[in-house]
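As they're listed, the protein sequences go chains A and B.
1 is the number of the first residue of the first sequence in this note's numbering; add one for each residue after it.
271 is the number of the first residue of the second sequence in this note's numbering; add one for each residue after it.
A virtual CB, placed ideally from N, CA and C, is assigned to each residue, including glycine.
A short worksheet on the structure shown next.
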Amino acid sequence: MAQAPDAGTPARLGSRLAASAPALVLPILSVAILLGLWQVAPRAGWVRATSIPPFSEVMTQVWALLGEPEFWTNLAGSAQRWAIGFALAIIVGVPLGTMMGRWRPLYRLVDPLLVVGYPVPKAALILLFVLWWGAGNASRIVIIVAGCLIPIVISSYHGAHGIEPRLLWSARGLGTGRVGSWFRVVLPAALPQILSGLRLGIAISIFTLLASELLIRGIGIGSFMFTALDNGQTLVVFAMATILAVIGFALDFLYMRAVRRWLPWLEGDV
Amino acid sequence: MTEERPAAPPKIEARGVCKVFESPRGRVRAIDGIDLVARPGEFISIVGPSGCGKSTFLYIVGGFVEASGGTLTVDGAPVQRPDPSRGIVFQEFVLFPWKTVLGNVMYGLAERGVPRRERREQAQAYIDMVHLSGFEKHYPKELSGGMKQRVALARTLIMDPDILLMDEPFGAIDAQTRVVLQTELLQIWERTKKTVLFVTHSVEEALYLSDRIYVLSGRPSRVREVIDVDLPRPRDSEAIVGTPRYGELHRRVWSLLQAEQRGDGASS
């Protein structure tokens, strides 16, 4: 609970550096080995270069793609649909989940739907949505909402349900009313778990976004990728996959950085 | 010196307050009729075997838990809901983790609609009073247990409550810090003359702080005995321990508690 007061003394600093050297080197080492294999295997003829192009060629192709306006239009379209879907899921999921956590009847009402809905593979719903709303933006956004809504609701529910009652009492004892305590105690107290749910939601929604675009085609970054595959441009497919992997990693990384920066009071991991 | 004011109307008056908890496995009788009177400015401790419902009684006075029977009045009016005039400090440090020390202490004033500038000034005064100057911008996770409890005390005192309800506030704090906090609490109490209901399991703490001690029986709890702590004030935590009167009182409370813990007090 208390801070470690003596972490800054020279002897300790030295031993901490020594202890953290493997912690720094080993992760870099594993990534370097993977990239090295990726480069060497096609060149040495262990795998066919048409199936797995060497890392250096993929990077060249990535560079070329970044110069194509068509790539950017598709990426921007996908990003926009993702942002709208993700925002909708938050707007619906966080209030619903936190209210379920504080009001039992609502929990009893909604919980069966979550239990039934949770294991349904959302990608399987894409074709239904297209049947109902066509292959336009509506279906593409709804599938993103469908993908991440349940994790967001469930984590918000747990966050609000697990609040220490005496924390609420403290606020009530200081003059906070019932409605006020929802905004000023329940929401912030549930925030750590809500944020974990959002992190999960980011990963799942990107997956459903790509799945929908690979299935519906037409527009979007997934569709752009599939077209390259159809045309036999393995290198482009690899370059696209690399870019998407980096985007996914960057989103998660930036999310964690933002949380740490803006919510310095958080304890432990999100 | 404690002055006798028999004419003063009671600040808190409990008559036959009881509490029954409904659980899936049946009804649990936690409190079986507690009578208690606290006059304005009195410091009253409630001790009893663990699990006897002394905290529950405090929560009923706070308005957080509803009594199942009996009457409970504060200034003659029945208690219905929590109110800033009855400030509470819990055992675990239930500060708002998302607020700084300053933010925690200012919280109640913001709820009361006090302008920001004024809130800041008042909060600073209370932070200084509990000796936390320099820690205004710290978050609760950066504080020790004793410091958190100082913040909790400041957060409650800033509302200027008539009544201070304390639920084993120093129970989870190391022995040295505890004595310091007890002494500071006594000084604040002697200055502000608030009515204090103090739940504790420590006989020494109750003797050092209180005017009277209510010893509760084991569950379902009743008042086993009320003991007047007629030790002169201001008290010195070390000096009083050696006095014969302290020894007598300590033995009396201790033997009552021991009897209750064993369960042979229930038949009386």
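- In this structure the stretch 436-453 of chain B lies against the stretch 416-428 of chain B, because at least three pairs of beta carbons, one per stretch, are closer than 8 Å.
- Listed as beta-bridge partners of residue 293 of chain B by DSSP are B:296.
- For residue 187 of chain A, the enclosing alpha helix (DSSP H) stretches over residues 187-216.
- Residue environment: residue 301 of chain B is assigned as buried (16 or more neighbouring CB atoms within 10 Å of its CB, all protein chains considered).
- In this structure, DSSP gives residue 148 of chain A a helical state, which the three-state scheme calls helix.
- Sequence-ordered contacts of the stretch 153-169 of chain A with chain B read 164, 166, 167, 169 [C-beta pairs closer than 7 Å].
- From the beta-carbon of residue 267 of chain A, the residues of chain B found nearer than 8 Å are 367, 411.
- For chain A, the residues of the stretch 426-446 of chain B that bring a beta carbon within less than 7 Å of one of its beta carbons are 429, in chain order.
- Taken through DSSP and simplified to helix, strand or coil, residue 278 of chain B comes out as coil.
- Nothing from the stretch 296-318 of chain B brings a Cβ to less than 8 Å from some Cβ of chain A.
- At a beta-carbon threshold of 7 Å, the residues of chain B lying near residue 264 of chain A are 409, ordered along the chain.
- Cβ neighbours of residue 232 of chain A within its own chain (closer than 6 Å, five residues either side excluded): none.
- In the DSSP assignment, residue 308 of chain B forms a beta bridge with B:282.
- As a beta-bridge residue in DSSP terms, residue 436 of chain B pairs with B:359, B:468.
- Closest by C-alpha distance to residue 91 of chain A, out of A:149, A:241, A:242, is A:149.
- Excluding the 5 residues flanking it on each side, residue 108 of chain A has no same chain C-beta neighbour closer than 7 Å.
- For the 8 Å CB-CB criterion, residue 184 of chain A and residue 176 of chain A form a contact.
- Note that the C-beta distance between residue 473 of chain B and residue 484 of chain B is not below 8 Å.
- Put simply, the backbone Cα of residue 312 of chain B is about 22 Å away from that of residue 399 of chain B.
- For residue 428 of chain B, no beta strand (DSSP E) run applies, since DSSP gives it neither H nor E.
- Contact between the stretch 274-293 of chain B and the stretch 339-356 of chain B is established, with three or more Cβ pairs separated by less than 8 Å.
- As the crow flies, the alpha-carbon of residue 236 of chain A is around 12 Å from that of residue 54 of chain A.
- Interface residue (Cβ-Cβ distance to chain A less than 8 Å): residue 357 of chain B is classified as such.
- By the neighbour-count definition (other C-beta atoms within 10 Å, threshold 16), residue 82 of chain A is a buried residue.
- Residue B:421 holds the alpha-carbon nearest to the alpha-carbon of residue 363 of chain B among B:421, B:344, B:447, B:518.
- Residue 315 of chain B: member of the beta strand (DSSP E) spanning 313-317, first to last residue.
- Per DSSP, residue 221 of chain A lies in no beta strand (DSSP E) segment; the continuous alpha helix (DSSP H) that holds it begins and ends at 221-230.
- Cβ-Cβ separation between residue 242 of chain A and residue 50 of chain A: approximately 17 Å, too far for a contact (criterion under 8 Å).
- Relative to residue 245 of chain A, the option among A:210, A:230, A:228 whose CA is nearest is A:210.
- Interface residue (Cβ-Cβ distance to chain B less than 8 Å): residue 188 of chain A is classified as such.
- Counted as a single uninterrupted DSSP element, the beta strand (DSSP E) harbouring residue 340 of chain B occupies residues 339-344.
- In the DSSP assignment, residue 484 of chain B falls within the unbroken beta strand (DSSP E) covering 482-486.
- In chain B, no part has a C-beta under 8 Å from the C-beta of residue 98 of chain A; the shortest such distance is about 15 Å.
- Residue 101 of chain A is outside the set of residues whose beta carbon lies under 8 Å from a beta carbon in chain B.
- In this structure, the straight-line span from the alpha carbon of residue 505 of chain B to that of residue 475 of chain B is close to 12 Å.
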